[in-house]
Amino acid sequence: MCDWVVGRREFLKGLGLGAVCLGLSPVLGAVGGSSGKKGKPNVLFIAVDDLRPELGCYGQGHIKSPNIDRLADTGTLFRRAYCNVPVCGPSRVSLMTGLRVGSGAWKTAGIKREFTSLPAYFKRNGYTAVSNGKIFHHMHDREEDWSREPWRSVPIYHGGNWAKYNKNGLWQDEESGEHINPSKGRGPYYECADVEDDAYQDGKLAEKAVRDMRELASADEPFFLACGFWRPHLPLNAPKKYWDMYDAEEIELADNRFRPKNLPKQVRNSGEIFQYSEVREGFNSYEFHRRTRHAYYACVSYVDAQIGKLLDELDRLGIADNTIVVLWGDHGWHLGEHDFWGKHNTLNNALQSPLIVRDPRGEAGATDSLAEFVDVYPTLCELAGVAVPDHLDGKSLAGVMKDTDVRIHDAVFARWGDAVAMKTDRYLYTEWVKGGETTGRMLFDHKNDPEENINIAEKPENAELVKRLSGKVHEHLRILSDK
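All the letters of the sequence shown, read from the start, carry residue numbers 1 to 483 under full-length UniProt numbering.
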């Protein structure tokens, strides 16, 4: 059930397009691209905003994600991959530079260490690097990052503009401000317009990426084609047909819709969802939980369909056998677990993220080996046969892809404000460190408490364990301070 429907004609009228079709004419390219490409494989680099590992390939059969699932079936699925910062911009900076950064690093300009970004490094090694959609945050790209200017679709949001919206998808009367959050100028946090895929951003992005792929497949140089999808980031807007894939009455809510016991005061709900209008009315009611999950699932299936178009085009062009594909979500997301909505903390729901890498020359499989986003940069370098730069903080996962039982990390790390989180095989430990002093601790035993319902950091019987984990966190901080 989709209870907030906008008709296609109204949607297009709201954009000022009348009956004009939003579809983009395809640019035909040569089918059967070069398989040699100077001996280097292509790279299709897919980022999905706010995508948590609630997908069919991660054992969540209620989610309809057939295209991501088929990518996982032919690649390596990392069951325990973690972002290094649970927020969009810094997480992307960390992955794209291979460096550990804090939650304030929204763009690369503030990084004091010397680095070359991932696409810039591939460009330096003979690749044509092309960016479509959200890769860095809010166009925080540098000229040297890409071979051509990054492309982003028009930010279509309920009629084309953040601050000019009404409930029918028409241009908002700025005088009335109806259905607008007065402090942020944003409309409702979800929508299911009865429109085609290309009426929203991600459908346009898929069309643009397919055209680029056709062009790049016939070129002499290998390509690094980055595609950054916006959904399922708020607002949770997807065409109605993807809402209709789910029966609202069958959507299950989180079992642990309550705060963990002994939760430190530093852990708070994300305020992001409150930047949209009409959230507080009925907030955290059963209906709110059901509707928000329904909206999120619809967005996942919508983006999955767009990813399918890219994978299909690789096959149609005959270049799938010479193209490495990596898919990642920039961090996790709470969908009502612990009474939270969003990211912005160091609980597992905010940190654990999907990561799938397909090397057509290798075997498919899934691994429980710990991985973190700073590992993606060196992994792609090794798979592509280019030297791994010395400045990187991560480790290549190529060995894990060859043997899924291989372990390269005893622990992986994340930052959020003053918090430093460390995930080991069994535990997720967070310590808040300010001015050299510890101001809080949080510890979950994922073996006995996988849903993280009880913080056991202050239990006397865990004193030695906490001391040992704390020592590893401070050793990690010392290593970073020396760089």
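Cβ atoms here follow ideal geometry from the backbone N, Cα and C, with glycine treated the same way.
- Contact between SER353 and CYS83 holds: their C-beta atoms lie close to 5 angstroms from each other, under 8 angstroms.
- Straight through space, the alpha carbons of LEU95 and ASP375 are spaced by roughly 8 angstroms.
- Judged by beta-carbon spacing, ILE46 lies beyond the 8 angstroms limit of LEU314, meaning their Cβ atoms are not closer than that value.
- Look at LYS261 here: in three-state DSSP terms it is strand.
- Here GLY336 is actually not in contact with ALA421; their C-beta atoms are around 21 angstroms apart, not less than 8 angstroms.
- For VAL406, the closest C-alpha among the options PHE413, VAL412 and ALA398 is that of ALA398.
- As the crow flies, the alpha-carbon of VAL300 is around 21 angstroms from that of LEU225.
- A distance below 6 angstroms between beta-carbons, with the five flanking residues on each side excluded, links HIS289 to the following residues of its chain, in chain order: LEU253 and GLY336.
- As for any beta strand (DSSP E) of minimum length 3 sitting wholly inside the stretch 360-409, the runs are 365-367, ordered along the chain.
- Between the alpha carbons of SER396 and THR438 lies a distance of about 32 angstroms.
- The beta-carbon distance between TYR297 and TYR246, rounded to whole angstroms, is 5 angstroms. This is short enough to meet the 8 angstroms contact definition.
- ASN448 counts as exposed, since fewer than 16 other C-beta atoms from the protein chains shown sit within 10 angstroms of its C-beta.
- Within the same chain, PRO360 come within 6 angstroms of ASP321 by CB-CB distance, once the 5 residues on both sides are set aside.
- Look at GLY436 here: in three-state DSSP terms it is coil, with no helix or strand label.
- Here the alpha carbon of GLU372 sits roughly 25 angstroms from the alpha carbon of PRO66.
- Judged by DSSP secondary structure, ILE324 falls within the beta strand (DSSP E) whose first and last residues are 323-329.
- Taking all protein chains in view, the Cβ of GLU207 is crowded by 16 or more other Cβ atoms within 10 Å, so the residue is classified as buried.
- For the pair of segments examined, the stretch 202-217 was found not to touch the stretch 257-269: the number of CB pairs separated by less than 8 angstroms stays below three.
- Taking the Cα positions, GLY329 is about 37 angstroms away from GLU461.
- Within the same chain, Cβ atoms closer than 8 angstroms to the Cβ of THR323 are found at PRO41, ASN42, VAL43, LEU44, LEU314 and PRO360, the five residues on either side in sequence being excluded.
- Between the stretch 300-312 and the stretch 233-249 there are three or more C-beta pairs closer than 8 angstroms, enough to call the two in contact.
- Judged by beta-carbon spacing, ALA81 lies beyond the 8 angstroms limit of LEU383, meaning their Cβ atoms are not closer than that value.
- Rounded to whole angstroms, the Cβ separation of ALA414 and VAL85 is 6 angstroms, and the two are in contact under 8 angstroms.
- Here ALA305 is not near THR74, since their CB atoms are 8 angstroms or more apart.
- Residues THR346, THR430 and TRP432 of the same chain have their beta carbon placed closer than 6 angstroms to that of ALA419, with the five preceding and five following residues left out of the count.
- Residue nearest to ASN349 within the set PRO235, CYS192, LYS434 and LEU428 is LEU428 (criterion: CA-CA distance).
- A check of alpha carbon separations from ALA72 across LYS64, THR379, HIS62 and TYR58 identifies TYR58 as the nearest.
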